[in-house]
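Colleague: Below you'll find the structure I mean.
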Amino acid sequence: MKLTIRRGGGLAGMVAQTELDDRSLPKTDAEAFAGEVARANLHEQPEPAAAKPWPDAQLYEILLEAAGPPISVHYTDETLPESVRLLVAWVDGRPERVESIEQ
1 MKLTIRRGGG LAGMVAQTEL DDRSLPKTDA EAFAGEVARA NLHEQPEPAA
51 AKPWPDAQLY EILLEAAGPP ISVHYTDETL PESVRLLVAW VDGRPERVES
101 IEQ
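If you're matching positions, the sequence shown starts at 1 in full-length UniProt numbering and goes up one per residue.
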């Protein structure tokens, strides 16, 4: 299973990408990762309600590649569900994550 988080927008308008692949994790951490993904329930998250325009809003694109077709969801800071926010924080805390900046 692989999770890719792309964040863009904000004042600088840069796009940062964070990836975490369960194959890079020790077994117990891979199981914890699977639990965090299950708790976020990306495949059943409702479409976010239209947010008020916010010029420097952070935008999130989250792509989950696991068994079955890939799941892609899009949020802003304002519409990001708490369960997904916790998943993003968990991934951000992993030293195995791979980060890049897109120009």
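Don't be surprised by glycine CBs; every beta carbon is placed ideally from N, CA and C.
Owing to the predicted nature of the structure, the values given are computational and were not obtained by experimental measurement.
Any heavy atom of the ligand ATP closer than 6 Å to the Cβ of Val88?
Modeller: As for the ligand ATP, it is missing from this structure, which has no ligand bound.
Colleague: One question on the structure: do Leu87 and Leu64 come within less than 7 Å of each other, judged by their Cβ atoms?
Modeller: Cβ atoms of Leu87 and Leu64: not closer than 7 Å.
Colleague: Could you tell me if Val98 is buried or exposed, where buried requires 16 or more neighbouring beta carbons within 10 angstroms of its beta carbon?
Modeller: Label assigned to Val98: exposed.
Colleague: Within a Cβ cutoff of 8 Å, which residues of the same chain sit near Pro70, ignoring the five residues on either side of it in sequence?
Modeller: Only Leu63 and Leu64 meet the Cβ criterion.
Colleague: Tell me the DSSP secondary structure of Leu87 in three-state form.
Modeller: Three-state result, Leu87: helix.
Colleague: Taking the DSSP output, what are the residues bridged to Thr18?
Modeller: Bridge partners of Thr18: Ile5 and Glu99.
Colleague: Glu36 lies in the alpha helix (DSSP H); which residues open and close that run?
Modeller: It spans Lys27 to Ala40 - the alpha helix (DSSP H) in which Glu36 sits, taken as one unbroken run.
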